[in-house]
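Heads up, the thing below is written out as structure tokens.
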Amino acid sequence: MSPDLVSLSHQLLDAAEGKPRFMVALAGPPGAGKSYRSALLCEAINQLRPGHAAVVPMDGYHFDNAVLGDEQLPVKGAPHTFDVEGLHHDLMRIRRADKPVAVPVFDRPLDLARAGGRLITPAHRIVIVEGNYLLLNQDPWRSLHALFDWTLFIDVDDAVLVERLVNRWLCMGQDHSGALERTHQKDMLNAALVKTSSVPPDQRWR
């Protein structure tokens, strides 16, 4: 069953009651709408409890293009092209809820992460972490699972993902053939991995 925003917001607020920090993983394949839905969910929670929620995007932990180099740059976005240890370290700091933690934010048009792009403070009792591989049942991603109190997975049909991803690449300046190639030879391969190799979530959001 797919929850609506209001009921999910109340559900998370009830689950987080009395806890200094409640960590939510919102996972799903590329093009599923994780950034969009996490922002909506954060806003809905904050309408009920102002300043209560914040979002940490996994994409901020992309390795920089200079680090990936010519060999790995074509597969940027695959699981091994992220700084999982850095993400794990920051999530542990966030979970302690004892001081502000600056996290990086990915700038998609510039194709780079901006260090310290967002500040998570102790006032943010509910922290929504969104990203493709948060529930991936592979090392080193498994190390993240114990940090989450609640997990959500966004289910989207492949045909819808393809349409969204092609449009994304077109909007980023690719021609139609380039958009198709990047969608099918990169994004949808990662989507298949996420769909088949993620641990079962607490709740699915379709």
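Residues 888 to 1093 in the numbering used here are what the sequence shown lists, from first letter to last.
Just so it is clear, CB atoms sit at the ideal spot from N, CA and C, and this is done for glycine as well.
Values in this document were obtained by computation on a predicted structure and should not be read as measured data.
Every alpha helix (DSSP H) stretch that sits fully inside the region 920–987 and reaches 4 residues is listed by chain position as 921–935, 952–959, 971–983. By the neighbour-count definition (other C-beta atoms within 10 Å, threshold 16), Cys929 is a buried residue. In this structure the region 947–955 does not lie against the region 1073–1080, because fewer than three pairs of beta carbons, one per stretch, are closer than 8 Å.
Here Pro1009 has Ala984 as same chain residues with Cβ atoms under 6 Å from its own Cβ, once five neighbours each way along the sequence are excluded.
Scanning its chain for C-beta atoms nearer than 8 Å, with the 5 sequence neighbours on each side dropped, one finds around Leu955 the residues Lys963, Thr968, in chain order. Counting the other CB atoms within 10 Å of its CB gives Val1053 a total of 16 or more, which places it among the buried residues. Just so you know, the alpha carbons of Val943 and Glu1017 end up roughly 6 Å apart. Distance from the CA atom of Leu1039 to the CA atom of Arg1055, rounded to whole angstroms, is 24 Å. Per DSSP, Trp1056 lies in no beta strand (DSSP E); the unbroken alpha helix (DSSP H) holding it starts and ends at 1045–1058. In this structure, Ala919 is the residue among Val990, Ala919, His897 with its C-alpha nearest to the C-alpha of Ala1046. Note on Thr1083: under 16 other CB atoms within 10 angstroms of its CB, so exposed under the neighbour-count rule. At a Cβ-Cβ threshold of 9 Å, Val1043 and Pro937 do not count as neighbours.
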